[in-house]
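If you read the sequences in order, they're chains A and B.
Residues 1 to 309 (this note's numbering) make up the first sequence, in order.
Residues 1 to 267 (this note's numbering) make up the second sequence, in order.
First comes the structure, then the notes that go with it.
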Amino acid sequence: MIGFDKAGKRFGTLDAVKEFSMTIQDEEILGLLGPNGAGKTTLMLMMGTVYRPTSGKISVNGLDVVQHPNDVRKMIGIAFQDPRVDGILGAFDVLNWHLKMTTNLDKVEREDRVEKVLRAVDLWDARNKRTWLMSGGMRKKVEDCKVLAQRPKIAVFDEPTAFLDVPSRLLMWKMIRELRDEGSTVIVATNMMDEAERLSDRVAIVNLGKLVAIDAPEQLKGKTKGGEVLELTVGNGQEFPRECLTQFSEVQDVSQENNKVTVYLSGGRLLLPKIVETLTNRGVKIDSVHLKEVTLEDVFLNYTGHRLE
Amino acid sequence: MSSSTIQVTDSSDLSGQSTSRLVLQMARRDISTLFRTPWIIISRSLAFIIQLFVFAYLISGLVVKFPGFFPYYAVGSVVSVVASISFIIGYDIFEEAEEGLLDYLLTLPIPRREFIIGRALGGAVRAMIYTIPMFAIVAVLENFSNSLSLMAAILDLFLLAFGVTGLSITVAVSVRSANRFDVVLALLELAVSRASTALYPLAFMPSYVAALAPFSPVTFAADSTRAALSGSSLDILGLAGLLAFVAIFLGLGATFYFRRLEGGVYA
Numbered sequence: 001m002i003g004f005d006k007a008g009k010r011f012g013t014l015d016a017v018k019e020f021s022m023t024i025q026d027e028e029i030l031g032l033l034g035p036n037g038a039g040k041t042t043l044m045l046m047m048g049t050v051y052r053p054t055s056g057k058i059s060v061n062g063l064d065v066v067q068h069p070n071d072v073r074k075m076i077g078i079a080f081q082d083p084r085v086d087g088i089l090g091a092f093d094v095l096n097w098h099l100k101m102t103t104n105l106d107k108v109e110r111e112d113r114v115e116k117v118l119r120a121v122d123l124w125d126a127r128n129k130r131t132w133l134m135s136g137g138m139r140k141k142v143e144d145c146k147v148l149a150q151r152p153k154i155a156v157f158d159e160p161t162a163f164l165d166v167p168s169r170l171l172m173w174k175m176i177r178e179l180r181d182e183g184s185t186v187i188v189a190t191n192m193m194d195e196a197e198r199l200s201d202r203v204a205i206v207n208l209g210k211l212v213a214i215d216a217p218e219q220l221k222g223k224t225k226g227g228e229v230l231e232l233t234v235g236n237g238q239e240f241p242r243e244c245l246t247q248f249s250e251v252q253d254v255s256q257e258n259n260k261v262t263v264y265l266s267g268g269r270l271l272l273p274k275i276v277e278t279l280t281n282r283g284v285k286i287d288s289v290h291l292k293e294v295t296l297e298d299v300f301l302n303y304t305g306h307r308l309e
Numbered sequence: 001m002s003s004s005t006i007q008v009t010d011s012s013d014l015s016g017q018s019t020s021r022l023v024l025q026m027a028r029r030d031i032s033t034l035f036r037t038p039w040i041i042i043s044r045s046l047a048f049i050i051q052l053f054v055f056a057y058l059i060s061g062l063v064v065k066f067p068g069f070f071p072y073y074a075v076g077s078v079v080s081v082v083a084s085i086s087f088i089i090g091y092d093i094f095e096e097a098e099e100g101l102l103d104y105l106l107t108l109p110i111p112r113r114e115f116i117i118g119r120a121l122g123g124a125v126r127a128m129i130y131t132i133p134m135f136a137i138v139a140v141l142e143n144f145s146n147s148l149s150l151m152a153a154i155l156d157l158f159l160l161a162f163g164v165t166g167l168s169i170t171v172a173v174s175v176r177s178a179n180r181f182d183v184v185l186a187l188l189e190l191a192v193s194r195a196s197t198a199l200y201p202l203a204f205m206p207s208y209v210a211a212l213a214p215f216s217p218v219t220f221a222a223d224s225t226r227a228a229l230s231g232s233s234l235d236i237l238g239l240a241g242l243l244a245f246v247a248i249f250l251g252l253g254a255t256f257y258f259r260r261l262e263g264g265v266y267a
């Protein structure tokens, strides 16, 4: 189990993470969802003992990361957002050296494991190509493969499918799930909604260095008011008469961001004609209407007040 | 990959992993990068041979006040090369920090102190490997007296390399701007090599250089290596100076490293 207890990290005058409390259960995939700069990477690097927390406590399987950093490091493998690989080395050598440092495998076992993982991600034929000559997607695969080959107790992936094409992305998700099934606790930082929703057992929404919400994706969606979302685009971002919609008992909440209006409601199909009629009568020009079930993106918008771009 | 073939690493499995093994792995990483570009060793060795047998040979003929300048210069130039190559580890570390590779290295299960020793050791061994062809030429030119004197000379060079890597790491983690780092390291390299007895004897130096030269680690190494190769008595002062240099700068490097890392400055 991993525990963050009011953990904080300050760089100069900037609070990258502030009073962050969260528990990560064993053998779950936790998605850390947040925009760039939300503090996801800082959280992971504090847990991985690269940065020391400036306040609060972080424990990994009962060990405090400040007091027992090296014991914590033995349990964790981190795949970074930007590949951190020696450009002068080939993929095979990068992974082989990583396993030398992080496991006690003998040469045969180590090389066998490297071969298996490189074949799985279709990099075996390019195993000796220097990584600085590889494409962004290939380098990203090598980075992810470090953790996939290591099979650590706690596996951390920072945006594991950035730069990957769709088939590679699906494969990577499958391999991450296998890692969890074998007993690893997996943390995946992402700013992609579908990745968080389809891969994670639970999702933690992080914004401005703070934990905003944490639960299973379905639970998060279920907690969102109404269960349905009506998206309206109104002409020229004109000021929206909010009260003309909140008069309906089925409407739970209304928010506006420029010319996009989001209405959280229930029974949307029946209510939609009434809403359109009411707004038209009030002189609001409606450019488009879209009624849908709540998505994780709506959850994010609901909790943070802005969309995840 | 099949889940039935690979097991999650149990962290208790790593308890048997000795720290010294990890230090050596860390050092091997720095050393292996050298062999990825063997043409650098070959080209620098050729440049050294040209420098020695053209420039030094001609100059030694012009130096009338100091008979035997050629062998003096030959030993000193090898010592200078060792110092110069040992500085490279600082550039490596600075670059790794800028590129984020250092963050990765710091997630590996190796204690910080051993991490730094591994990097310094790797940098020093790399410098030695790099210099061995040049040293071999010079040792033959000097008619080294016996294998013991050869070993003593190698020890001198290794201590110099180890200390300079510590100094280089100290600068790499103390200076934050890339431009300033380049300037500081270049000036330091110039100071320890030129304000030393590597390439010219103390008696012929201008007074302001002669005042500094006796304290340069390159002076300790150059004088000690010459004494060792000629088979004269062991240069205790030189060796002691080199050991102190190693201890001071490895210690300083480690301290500055911790301070900078724990402050999260690399973010």
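Note that beta-carbon positions come from the ideal geometry of N, C-alpha and C, so glycine has one too.
Exposure of residue i, with buried meaning 16 or more beta-carbon neighbours within 10 Å
i, result
"S4 of chain B", "Bear in mind that a pLDDT of 44 at S4 of chain B, under 50, signals an unreliable position, so the number given afterwards is only what the model happens to contain. So S4 of chain B counts as exposed."
"D223 of chain B", "buried"
"K40 of chain A", "buried"
"L237 of chain B", "exposed"
"G68 of chain B", "exposed"
"E257 of chain A", "exposed"
"S80 of chain B", "buried"
"N207 of chain A", "buried"
"G305 of chain A", "exposed"
"V72 of chain A", "buried"
"Y104 of chain B", "buried"
"S59 of chain A", "buried"
"V75 of chain B", "buried"
"P206 of chain B", "exposed"
"Y208 of chain B", "exposed"
Backbone secondary structure at residue i - three-state DSSP
i, result
"S145 of chain B", "coil"
"A155 of chain A", "strand"
"N128 of chain A", "coil"
"H290 of chain A", "strand"
"G31 of chain A", "strand"
"V265 of chain B", "Here V265 of chain B scores only 44 on pLDDT, less than 50, and its place in the model is too uncertain to base an answer on."
"P217 of chain A", "helix"
"D201 of chain A", "coil"
"Y73 of chain B", "helix"
"V142 of chain A", "helix"
"V108 of chain A", "helix"
"Q252 of chain A", "strand"
"S84 of chain B", "helix"
"R10 of chain A", "strand"
"L63 of chain A", "strand"
C-beta contact flag for residue i and residue j at 7 Å
i, j, result
"R84 of chain A", "G90 of chain B", "no"
"L265 of chain A", "V284 of chain A", "no"
"P109 of chain B", "N96 of chain A", "no"
"V50 of chain A", "T107 of chain B", "yes"
"G87 of chain A", "W132 of chain A", "yes"
"L212 of chain B", "A195 of chain B", "yes"
"F163 of chain A", "K140 of chain A", "yes"
"M22 of chain A", "F11 of chain A", "no"
"F70 of chain B", "A56 of chain B", "yes"
"G56 of chain A", "G8 of chain A", "yes"
"V234 of chain A", "V203 of chain A", "no"
Beta carbon proximity, residue i to chain B, threshold 7 Å
i, result
"N281 of chain A", "no"
"I78 of chain A", "yes"
"G8 of chain A", "no"
Below-7 Å beta-carbon distance, residue i vs any chain D residue
i, result
"M192 of chain A", "You won't find chain D in this structure, because its protein chains are A and B."
Separation of residue j from residue i, as counted between CA atoms
i, j, result
"I176 of chain A", "Q219 of chain A", "22 Å"
"G241 of chain B", "L14 of chain A", "45 Å"
"M128 of chain B", "A83 of chain B", "10 Å"
"L148 of chain B", "P133 of chain B", "19 Å"
"L245 of chain A", "L199 of chain A", "36 Å"
"G222 of chain A", "V289 of chain A", "23 Å"
"S45 of chain B", "V78 of chain B", "11 Å"
"T42 of chain A", "D122 of chain A", "31 Å"
"Y266 of chain B", "F245 of chain B", "Only weak support is given to the placement of Y266 of chain B: the predicted model assigns it a pLDDT of 38, under 50, and the value that follows is read from those uncertain coordinates. Their backbone Cα atoms lie some 28 Å apart in a straight line."
"G46 of chain A", "A172 of chain B", "At residue 46 of chain A the sequence reads Met, which differs from the Gly that was named. In a straight line, the C-alpha of M46 of chain A is about 23 Å away from that of A172 of chain B."
"K225 of chain A", "E195 of chain A", "23 Å"
Beta carbon proximity, residue i to chain A, threshold 7 Å
i, result
"P38 of chain B", "no"
"S4 of chain B", "Residue confidence for S4 of chain B is low, a pLDDT of 44 falling below 50, so the modelled location carries little weight; the figure read from the coordinates is stated next. It does not; no Cβ of chain A falls within 7 Å."
"T107 of chain B", "yes"
"L239 of chain B", "no"
"D235 of chain B", "no"
"G122 of chain B", "no"
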